[in-house]
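The structure appears right after this line, and notes come after that.
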Amino acid sequence: VPAGALGGRTVLVTAGPTVEPIDAVRYISNYSSGKMGYSIAEAAAAQGARVVLVSGPVALPAPEGVEVVPVKTARDMLAAASSVFPAADVAVFAAAVADLRPANPADRKLKKGRDDAALANVSLTENPDILATLAAGKRPDQYVVGFAAETNDVLMNAHAKLKKKHADMIVANQVGDGLAFGTDDDEVWLVTADDEVLLPLMSKRDVARRLIEVVARHLSRPGA
Ligand code: C5P
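Mapping of the sequence shown onto UniProt numbering: residues 269 to 492, in sequence order.
Following this line, the structure appears as structure tokens:
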């Protein structure tokens, strides 16, 4: 892949966790560090792309030359990603979106003693699936990448996710035993409808560079 392989292209990346308010001071979230998504944004920018990184709250600096759109909730992330998606040639959904959110967040702090019932019974409702929602309406010229963290049957589940979410590629890894979440290294499969490629254990930055190479090669194919 030549340097600048993504020149003139727009790449949308989602990254990090989402946070879902319970009340004015409490939230539900997860341990996503954002490292994978930020590395992908960095690698795409290094190949000359215009990159928009829609990011949940993380402790990482904005990669050089990347436009960061900070969001908190899954619904904010969907709104921000939706407004960029039509202009994107490539969309990589690396965010660890909270599957559920409190159904009725309080706009003040719930108090022990006074609001015990509300605190003990936070009812949850399902968040939108950002990847599935946007990829369902993708054009043939757009390339969509999703992630899958599985504890078992990694490849089988990746193929199922590919179809269910209308993605062109799923980056699948095995989790559990301290693998993947918050770590710097990753061993992943790049799964497409007709190919399964194992990237051996390497840094997330190297995974990101390899992924961007594969995506750039796909875009430069005749008919792509
Ligand atoms: O279904 P699962 O959470 O395993 O799918 C993971 C993939 O879907 C990731 O690419 C993630 O960014 C995306 N996703 C999303 N919105 C959700 C849940 C997952 O975009 N609500």
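The beta carbon of each residue, even a glycine, is placed where N, CA and C say it ideally should be. Values in this document were obtained by computation on a predicted structure and should not be read as measured data.
Just how far apart, CA to CA, sit residue i and residue j?
{"i": "aspartate 463", "j": "asparagine 425", "result": "14 Å"}
{"i": "aspartate 453", "j": "glutamine 410", "result": "28 Å"}
{"i": "glycine 275", "j": "alanine 292", "result": "43 Å"}
{"i": "tyrosine 295", "j": "leucine 387", "result": "12 Å"}
{"i": "leucine 487", "j": "alanine 476", "result": "16 Å"}
{"i": "threonine 341", "j": "glycine 324", "result": "8 Å"}
{"i": "residue 223", "j": "arginine 376", "result": "The displayed coordinates of the chain run from 269 to 492. Any statement about residue 223 would go beyond what the structure contains."}
{"i": "threonine 419", "j": "alanine 440", "result": "10 Å"}
{"i": "arginine 277", "j": "aspartate 384", "result": "52 Å"}
{"i": "alanine 356", "j": "lysine 406", "result": "10 Å"}
{"i": "isoleucine 290", "j": "lysine 380", "result": "14 Å"}
{"i": "phenylalanine 415", "j": "isoleucine 438", "result": "5 Å"}
{"i": "leucine 378", "j": "asparagine 372", "result": "12 Å"}
{"i": "proline 408", "j": "serine 471", "result": "31 Å"}
{"i": "glycine 302", "j": "arginine 489", "result": "30 Å"}
{"i": "aspartate 474", "j": "threonine 451", "result": "13 Å"}
{"i": "leucine 368", "j": "leucine 392", "result": "6 Å"}
{"i": "alanine 417", "j": "phenylalanine 361", "result": "13 Å"}
{"i": "alanine 428", "j": "aspartate 421", "result": "11 Å"}
{"i": "leucine 469", "j": "serine 350", "result": "33 Å"}
{"i": "glycine 316", "j": "isoleucine 480", "result": "11 Å"}
{"i": "arginine 485", "j": "glycine 444", "result": "32 Å"}
{"i": "lysine 432", "j": "methionine 304", "result": "23 Å"}
{"i": "glutamine 442", "j": "alanine 273", "result": "30 Å"}
{"i": "valine 465", "j": "glutamate 394", "result": "33 Å"}
Would you grab the beta carbon distance between residue i and residue j for me? Rounded to a whole angstrom, and I think it's under 8 Å.
{"i": "alanine 348", "j": "valine 337", "result": "5 Å"}
Taking the continuous alpha helix (DSSP H) assigned at residue i, which residues delimit it?
{"i": "leucine 378", "result": "It is not in any alpha helix (DSSP H) - leucine 378 carries neither H nor E in the DSSP assignment."}
{"i": "threonine 401", "result": "398 to 403"}
{"i": "serine 307", "result": "303 to 314"}
{"i": "alanine 347", "result": "342 to 352"}
{"i": "valine 326", "result": "Segment: none, valine 326 is in no alpha helix (DSSP H) and carries neither H nor E."}
{"i": "valine 475", "result": "472 to 487"}
One question on the structure: do residue i and residue j come within less than 8 Å of each other, judged by their Cβ atoms?
{"i": "valine 287", "j": "valine 358", "result": "no"}
{"i": "valine 352", "j": "proline 370", "result": "no"}
{"i": "serine 297", "j": "alanine 366", "result": "yes"}
{"i": "alanine 313", "j": "proline 331", "result": "yes"}
{"i": "valine 281", "j": "alanine 309", "result": "yes"}
{"i": "glutamate 435", "j": "leucine 467", "result": "It is alanine, not glutamate, that sits at residue 435 in the sequence shown. Cβ distance not < 8 Å, so alanine 435 and leucine 467 don't count as in contact."}
{"i": "valine 413", "j": "valine 483", "result": "yes"}
{"i": "serine 300", "j": "alanine 364", "result": "yes"}
{"i": "arginine 343", "j": "proline 396", "result": "yes"}
{"i": "tyrosine 306", "j": "alanine 271", "result": "no"}
{"i": "leucine 346", "j": "threonine 401", "result": "yes"}
{"i": "alanine 461", "j": "leucine 423", "result": "no"}
{"i": "valine 319", "j": "valine 334", "result": "yes"}
Which residue marks the beginning of the beta strand (DSSP E) containing residue i, and which one marks its end?
{"i": "glutamate 335", "result": "334 to 338"}
{"i": "isoleucine 438", "result": "437 to 442"}
{"i": "leucine 274", "result": "Neither: leucine 274 is in no beta strand (DSSP E) and is coded neither H nor E."}
{"i": "alanine 359", "result": "358 to 361"}
{"i": "arginine 369", "result": "368 to 370"}
{"i": "valine 459", "result": "453 to 460"}
{"i": "threonine 393", "result": "392 to 394"}
When you measure from the CB of residue i to every non-hydrogen atom of the ligand SAH, does any distance come out below 7 Å?
{"i": "isoleucine 398", "result": "This structure simply doesn't include the ligand SAH; it includes the ligand C5P instead."}
Open item on the list: Suppose only complete runs of 4+ residues qualify. What are the alpha helix (DSSP H) ranges in the stretch 405 to 432, listed by chain order?
Closed with: List check, alpha helix (DSSP H) in window: 422 to 432.
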